[in-house]
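Numbering (our numbering), first residue to last: 285 to 502.
Ideal Cβ placement from N, Cα and C applies to all residues, glycine included.
Quick caveat, the model's predicted, so the values are computed rather than measured.
Worksheet for the structure shown next.
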């Protein structure tokens with residue numbers, strides 16, 4: 285979409301998102317721009333509703349804030365703490381392994397390179413980019429299902445999956461927007477631009493959106 289007014293869209297999202305009270309904003313605040321908390325939160329959140337992730341992390345971070353804290357627990361104890369997130373037993377093992385690796389190989393500091401982060405079990409490019417963006421405030425292009433769906437629904441991109449979307453956005457999206465693009469589109473997706481029957485009548489971006497693939501809306 286050659287005439288997509290990106291600057292106006294981003295400005296509107298910055299203003300309107302303050303009224304949505306989206307779960308993504310709560311999660312960002314919980315993580316306190318701490319790379320370790322961003323990493324653990326993102327692992328817990330995979331295949332888990334944000335509302336569930338928020339409740340788990342609120343309790344978890346009252347007592348755990350660094351790798352050493354987690355290694356003071358057994359895998360079984362950690363598993364109980366992160367229940368009922370999806371695949372909590374596997375995630376407890378992953379988190380335990382990552383914390384041990386951080387202590388042994390990284391002096392308890394979460395690395396700030398994608399290539400290092402994706403070596404950890406359960407960590408893909410989305411999680412790695414999120415750690416860089418929200419933990420280190422480095423330019424990173426995090427793409428989840430919301431970003432992938434809405435970028436194509438806008439007509440801004442034509443891609444088939446999140447990996448393609450990430451690589452295309454890296455080339456097309458101005459770097460100044462990289463970090464906020466994810467947060468704002470996730471907030472939009474959670475509040476208005478739903479996968480099925482989006483609330484187009486409430487969307488402040490309706491005149492900028494081609495509604496590609498939208499068959500039914502409210």
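- Closest in alpha carbon position to residue 424, among 410, 485, 432 and 363, is 410.
- Here DSSP, grouped into helix, strand and coil, assigns residue 380 to helix.
- For residue 449, the CB contacts under 8 Å within the same chain, skipping 5 residues up- and downstream, are 427, 431, 432, 435, 436, 441 and 443 in chain order.
- In the DSSP annotation of this structure, the continuous segment of the alpha helix (DSSP H) that includes residue 437 starts and ends at 429-438.
- Secondary structure note for residue 456: its alpha helix (DSSP H) is the uninterrupted segment 446-456.
- Contact check between the stretch 412-419 and the stretch 315-328: three or more CB pairs, one atom from each, fall below 8 Å, which counts as touching.
- Boundaries of the alpha helix (DSSP H) harbouring residue 307: 307-315, taken from the DSSP string.
- When the Cα atoms are used, residue 356 and residue 383 turn out to be separated by approximately 11 Å.
- Under the three-state reduction of DSSP output, residue 500 falls in the coil class, being neither helix nor strand.
- When DSSP states are grouped into helix, strand and coil, residue 375 belongs to the helix group.
- Under the three-state reduction of DSSP output, residue 406 falls in the coil class, being neither helix nor strand.
- Take the alpha-carbon of residue 498 and the one of residue 387: they are about 48 Å apart.
- For the set 305, 381, 429 and 422, the Cα lying nearest the Cα of residue 398 is the one of 422.
- Under the three-state reduction of DSSP, residue 292 is assigned to helix.
- The stretch 290-304 makes contact with the stretch 458-478: 3 or more CB pairs, one atom from each, lie closer than 8 Å.
- For residue 341, the enclosing alpha helix (DSSP H) covers residues 334-344.
- The criterion of a C-beta distance shorter than 7 Å is not satisfied by residue 319 and residue 461.
- Comparing alpha carbon positions, the residue from 488, 331, 300 and 309 closest to residue 375 is 331.
- Counting along the chain, the unbroken alpha helix (DSSP H) around residue 324 starts and ends at 319-329.
- Proximity to residue 489 across 391, 438, 317 and 373 peaks at 438, based on C-alpha coordinates.
- Here residue 334 is not near residue 368, since their CB atoms are 7 Å or more apart.
- Cβ contact annotation for residue 454 (same chain, cutoff 6 Å, sequence separation greater than five): 425, in chain order.
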